[in-house]
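Position one of the sequence shown corresponds to residue 9 (the numbering used here), numbered consecutively onward.
We put the CB at the ideal spot given by N, CA and C, even for glycine.
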Amino acid sequence: MIKERKKQYSANGTCVKSRVMFNSNNTCGCGCNLYHLEYDGSEVFTVCNSCGKDIAIIEKNQAKELLKQGSWRW
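See the structure below:
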């Protein structure tokens with residue numbers, strides 16, 4: 009069973025906060041270099057904006073800081 013995840017929204021709360029992968033080695037297999045963050049209650053994931061594939065899991069210390077930014081909702 010896949011856990012439902014919250015997405016990180018921008019500070020004004022109107023749109024999902026997208027980020028750019030600057031390192032070409034870290035692009036998604038589909039070729040997209042834009043991603044957003046999702047949180048399942050225990051881990052923060054980087055998720056491709058184009059195909060929705062999980063790209064990576066954020067380290068716990070960095071995740072704690074990211075969870076303080078913007079707003080997180082379904």
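- Judged by their CB atoms, lysine 61 and cysteine 36 are nearer to each other than the 7 angstroms cut-off.
- The alpha-carbon of serine 18 is positioned some 13 angstroms away from that of glutamate 46.
- Per DSSP, the continuous alpha helix (DSSP H) segment holding glutamine 70 begins and ends at 68-74.
- Apart from the 5 residues on each side of it in sequence, leucine 74 sits with its Cβ closer than 8 angstroms to the Cβ of Gln16, Leu45, Val52 and Ile66 in its chain, given in chain order.
- 7 angstroms or more divides the Cβ of serine 26 from the Cβ of cysteine 40.
- Ranked by Cα distance from cysteine 38, the first of Gln70, Phe30, Cys56 and Gly21 is Cys56.
- DSSP lists Leu45 and Ala64 as the bridge partner or partners of threonine 54.
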